[in-house]
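K.L.:
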Amino acid sequence: MAFNDFEPDNDGVRLQKVLSQAGVASRRVAERMIRDGRVEVDGQVVTELGTRVDPTASVIRVDGARVTLDDTRVYLALNKPRGVHSTMSDDRGRPCVGDYVEHRVRGDAKLFHVGRLDADTEGLMLLTNDGELAHRLMHPSYQVPKTYVATVLGSIPRGLGKKLREGVELDDGPAKVDDFAVVDAVPGKSLVRVTLHEGRKRIVRRMLAAVGFPVQELVRTDIGAVALGEQRPGSIRALSRKEISELYKAVGL
Numbered sequence: 001m002a003f004n005d006f007e008p009d010n011d012g013v014r015l016q017k018v019l020s021q022a023g024v025a026s027r028r029v030a031e032r033m034i035r036d037g038r039v040e041v042d043g044q045v046v047t048e049l050g051t052r053v054d055p056t057a058s059v060i061r062v063d064g065a066r067v068t069l070d071d072t073r074v075y076l077a078l079n080k081p082r083g084v085h086s087t088m089s090d091d092r093g094r095p096c097v098g099d100y101v102e103h104r105v106r107g108d109a110k111l112f113h114v115g116r117l118d119a120d121t122e123g124l125m126l127l128t129n130d131g132e133l134a135h136r137l138m139h140p141s142y143q144v145p146k147t148y149v150a151t152v153l154g155s156i157p158r159g160l161g162k163k164l165r166e167g168v169e170l171d172d173g174p175a176k177v178d179d180f181a182v183v184d185a186v187p188g189k190s191l192v193r194v195t196l197h198e199g200r201k202r203i204v205r206r207m208l209a210a211v212g213f214p215v216q217e218l219v220r221t222d223i224g225a226v227a228l229g230e231q232r233p234g235s236i237r238a239l240s241r242k243e244i245s246e247l248y249k250a251v252g253l
């Protein structure tokens, strides 16, 4: 049964039934969560088992994490391959993100890609039909961190991380990273990890080039609490309930 199949009376649906249907826990465990004061409805802690809610309108949180109730919402993670453009369609016939989202996955829902990766960059992209979440994840005021792993030529000198954290001047203004680390090094090449919440075009490539280390290869590995992990290029997976809740939390929803 989906939430759209509920036919609540004027008083709504029992909270423990909503939590069970959302996959949070069995109804019995959900009742225990409510009694223990772990559940909030519209910002208020609820401990009464008889509480009824409107699953289409109420904001419900368990242990501070928002519960996704709308089963028409789609939340996907794509490992975008190199050479693929960050658009849902391309009028020049070039390979694009939309090519990887089959009709059976998205149905009739209009999906937004959260931010862009240039064609030469591979890695994590989020796709959703949750317009408000997509907008907030892309808005710089929410400062959602993104992590990249870059291959550059040469050995990284001491002090480069500090310089990048303090900021470098680009043609469209200063930019700085939140974190920088050398992951690995072999003769002639270094693998570095960069975390930042900037969203400007090709920002990682431009910053590393500005300090003398042009990027040879670039992969985005994380967006907020969502990690690429072992997901192979071109594959798509649905986000977990925990990942969705963490994204909501990161942007204040």
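Per the UniProt record's numbering, the sequence shown starts with residue 1, numbered consecutively.
Think of the CB as a built atom: it goes at the ideal place given N, C-alpha and C, for glycine as much as any other residue.
Treat the numbers as computed from the prediction; the structure is a model and nothing was measured.
Check whether the region 78-92 touches the region 111-121, counting contact only when three or more Cβ pairs, one atom from each stretch, lie closer than 8 Å.
P.N.:
These segments touch.
K.L.:
Helix, strand or coil for His-85 per DSSP?
P.N.:
strand
K.L.:
Check this for me: beta carbons of Ile-236 and Lys-146, under 8 Å apart or not?
P.N.:
no
K.L.:
For the putative contact between Val-183 and Leu-191, defined by C-beta atoms under 8 Å, what is the C-beta separation to the nearest angstrom?
P.N.:
The pair is a contact, with the Cβ atoms about 4 Å apart (cut-off 8 Å).
K.L.:
Might you give, ordered along the chain, the residues of its own chain that have their beta carbon closer than 7 Å to the beta carbon of Pro-233, omitting 5 neighbours on each side?
P.N.:
Asn-79, Pro-81, Glu-122
K.L.:
Answer with buried or exposed for Arg-104, where buried requires no fewer than 16 other C-beta atoms within 10 angstroms of its C-beta.
P.N.:
Residue placement at Arg-104 is flagged as unreliable, the pLDDT there being 46, under the threshold of 50; the coordinate-derived value follows with that caveat. Result: exposed.
K.L.:
What is the rounded straight-line gap between the Cα of Gly-154 and the Cα of Arg-220?
P.N.:
21 Å
K.L.:
Leaving aside the five residues before and after Asp-130 along the sequence, list all residues of the same chain whose C-beta is less than 6 Å from its C-beta, in chain order.
P.N.:
For Asp-130, where only same-chain residues beyond five positions count, the Cβ hits under 6 Å are Arg-73.
K.L.:
Cβ atoms of Leu-196 and Asp-178: under 8 Å apart, would you say?
P.N.:
yes
K.L.:
Using the Cα positions of Thr-47 and Ala-22, report the straight-line distance between them to the nearest angstrom.
P.N.:
Roughly 19 Å between the two C-alpha positions.
K.L.:
Exposed or buried, Ala-150, counting other C-beta atoms within 10 Å across all chains shown (16 or more means buried)?
P.N.:
buried
K.L.:
Quick check: does the Cβ of Val-219 come within less than 7 Å of any heavy atom belonging to the ligand SAH?
P.N.:
For the ligand SAH, the structure offers nothing, since it holds no ligand at all.
K.L.:
Identify every run of the alpha helix (DSSP H) within the region 137-191, keeping only runs that are complete inside it and at least 4 residues long; order them along the chain.
P.N.:
Entirely contained in the region 137-191, the alpha helix (DSSP H) runs reaching 4 residues are, in chain order, 160-166.
K.L.:
Measure the alpha-carbon distance for Ala-30 versus Ser-240 and round it to whole angstroms.
P.N.:
19 Å
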